[in-house]
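In terms of our numbering, the sequence shown opens at residue 90 and continues consecutively. Built from N, CA and C at the ideal position, the CB exists for glycine as well. Let me begin by presenting the structure, written as structure tokens, before commenting on it.
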Amino acid sequence: MAGIYIHIPFCLTACDYCDFYSVTNKTHLLPDFVRAICAEIKHRNRELSGEIINTIYFGGGTPSMISPGQLEEILLSVFRCYTVSPEAEITIEANPDDISDSWCEALIAMGFNRISIGTQSFSDGALKFLNRRHNASRAREAIRISANAGFQNISADLIYGIPGYTDGLLYNDLIFFVNSEVQHISVYALTVEHNTPLHRKISRGQKQCPDEDVQSGQYLIIHDFLESNGYDGYEISNFALPGFRSRHNSAYWEAIPYLGFGPAAHSFHFNERRYNAPSLVDYIRRADSLTFRTLSEKLSLTDMYNEYVMTALRTKSGLKRSRLKQFLTGTFEIKANQALRKFEQAGWIQLQPESICLTREGKLFADRISRELFLENDSQ
Ligand code: SF4
Numbered sequence: 090m091a092g093i094y095i096h097i098p099f100c101l102t103a104c105d106y107c108d109f110y111s112v113t114n115k116t117h118l119l120p121d122f123v124r125a126i127c128a129e130i131k132h133r134n135r136e137l138s139g140e141i142i143n144t145i146y147f148g149g150g151t152p153s154m155i156s157p158g159q160l161e162e163i164l165l166s167v168f169r170c171y172t173v174s175p176e177a178e179i180t181i182e183a184n185p186d187d188i189s190d191s192w193c194e195a196l197i198a199m200g201f202n203r204i205s206i207g208t209q210s211f212s213d214g215a216l217k218f219l220n221r222r223h224n225a226s227r228a229r230e231a232i233r234i235s236a237n238a239g240f241q242n243i244s245a246d247l248i249y250g251i252p253g254y255t256d257g258l259l260y261n262d263l264i265f266f267v268n269s270e271v272q273h274i275s276v277y278a279l280t281v282e283h284n285t286p287l288h289r290k291i292s293r294g295q296k297q298c299p300d301e302d303v304q305s306g307q308y309l310i311i312h313d314f315l316e317s318n319g320y321d322g323y324e325i326s327n328f329a330l331p332g333f334r335s336r337h338n339s340a341y342w343e344a345i346p347y348l349g350f351g352p353a354a355h356s357f358h359f360n361e362r363r364y365n366a367p368s369l370v371d372y373i374r375r376a377d378s379l380t381f382r383t384l385s386e387k388l389s390l391t392d393m394y395n396e397y398v399m400t401a402l403r404t405k406s407g408l409k410r411s412r413l414k415q416f417l418t419g420t421f422e423i424k425a426n427q428a429l430r431k432f433e434q435a436g437w438i439q440l441q442p443e444s445i446c447l448t449r450e451g452k453l454f455a456d457r458i459s460r461e462l463f464l465e466n467d468s469q
């Protein structure tokens, strides 16, 4: 069982907070990019030989910017080169502005069965702060069009903790999500990454910095509202109606192997992580000679333990004691147990016979708890 990630690095405009690899003003390179990514998919078709592909995810960038014909060419390359399960979850990320009846119908016909819409907010003020290209009414319309066109597995994104985005606006957005019956909601606190326009604007005093206390309060509002309306918070940032957890993202958290194609895409297999270089022009240039520039990193036992703690702790099922035992011995086990008892007393985790799970309040401190459980690289 394995997954495939396709990175489409094109965007029409750049959002102020974004630090993903993407390019604007390069749509003239789209035909070359499609040729290059199909070549990469074919070139690497032995890497997961014998594995059944259970999920395919088109992310970006903005995959909805490229034409249905180009998306189909890429999807067909995957089907030709890999054994794809007939039950595979096939997702496309889409910008609300790009979604129309005919676009959705074309994608459903070629096999996409899940859409992840970058709504981010239904507040025009918040969308303006983020410098998103769509507006609030377009975000609402995109969900309606996708559902009417036949998508039965719709995910939508919400960014909270944006300056000026009040609890009242947040409640309005949550009510809209629940009434529209989207099956899955991903929620993110606005973070200010280095080297983003948002970081520069805040440094120059042109934009306000998000307030961490407001963000914590808003996370708990979201958590409680969605849980009481039937959405299962199966991971800190992800809420789903029964049967609609993202299979692709869940596979990342379970360390199931995946291949990533396209500039800046990551792959993971056994204990090796590979990264394609983040340069569209270089990627296209190298495709003819099939000499794609890839960096790779072998994960040590300590790296694998730390990744397990960081990802599994965020999930509803939490850390499995049996997995921890595979990694922790001697003094490290004693230290970890001391830390866990401290967090239990603070009310942040629940120690269960088989697992260790975050409490509602503990979800606000997941990073801090993980950091205290991490091992140093030479400690094993
Ligand atoms: S559309 Fe997505 S990838 Fe493109 S700039 Fe905005 S957040 Fe980044």
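- Shown here, C446 sits in a strand according to DSSP, grouped into three states.
- With at least 16 other beta carbons inside 10 angstroms of its own, N395 counts as buried.
- Excluding sequence positions up to five before and after I179, its CB lies within less than 6 Å of the CB of I145, G200, F201, N202, all in the same chain and listed in chain order.
- Taken through DSSP and simplified to helix, strand or coil, Q295 comes out as coil.
- CA-to-CA, the gap between W192 and Q159 works out to about 12 Å.
- Nearest in C-alpha terms to D190, of all of G239, L413, N184, is G239.
- Using a Cβ-Cβ distance cut-off of 8 Å, the segment 122-131 and the segment 163-175 are in contact, since at least three pairs of beta carbons, one from each stretch, lie closer than that value.
- In terms of Cβ geometry, L462 and V398 form a close pair [threshold 8 Å].
- Shown here, F240 sits in coil according to DSSP, grouped into three states, outside any helix or strand.
- When the five nearest sequence neighbours on each side are left out, the beta carbons in the same chain lying within less than 7 Å of the beta carbon of L402 are those of L408, L447, A455, I458, S459, in order along the chain.
- When DSSP states are grouped into helix, strand and coil, Y341 belongs to the helix group.
- Across the structure, K405 and E343 are spaced so that their CA atoms are roughly 13 Å apart.
- Counting the other CB atoms within 10 Å of its CB gives F359 a total below 16, which places it among the exposed residues.
- By the Cβ-count criterion, I181 is buried, with 16 or more other Cβ atoms from all chains shown falling within 10 Å of its own Cβ.
- Secondary structure at A428: helix, using DSSP grouped into helix, strand and coil.
- In the structure shown, F147 falls within a strand segment according to DSSP collapsed to helix, strand and coil.
- Taken atom to atom, the span from the alpha-carbon of G253 to that of D105 is near 16 Å.
- Taken in chain order, the whole alpha helix (DSSP H) runs of length 4 or more contained in the segment 113-170 are 119-132, 157-170.
- The Cβ atoms of S356 and L369 lie no closer than 8 Å to each other.
- Counting only the Cα atoms, A329 lies some 14 Å from S269.
- Annotation: A401 is outside any beta strand (DSSP E); the continuous alpha helix (DSSP H) that includes it extends over 390-401.
- Residues of the same chain with a CB within less than 8 Å of the CB of I234, apart from the 5 flanking positions on each side, are I188, S189, D190, C193 in chain order.
- Relative to the Cα of R375, the nearest Cα in the group I93, C127, T113, K115 belongs to C127.
- Annotation for A215 indicates a beta carbon at 7 Å or more from all heavy atoms of the ligand SF4.
- The three-state reading of DSSP puts A278 in strand, counting E and B together.
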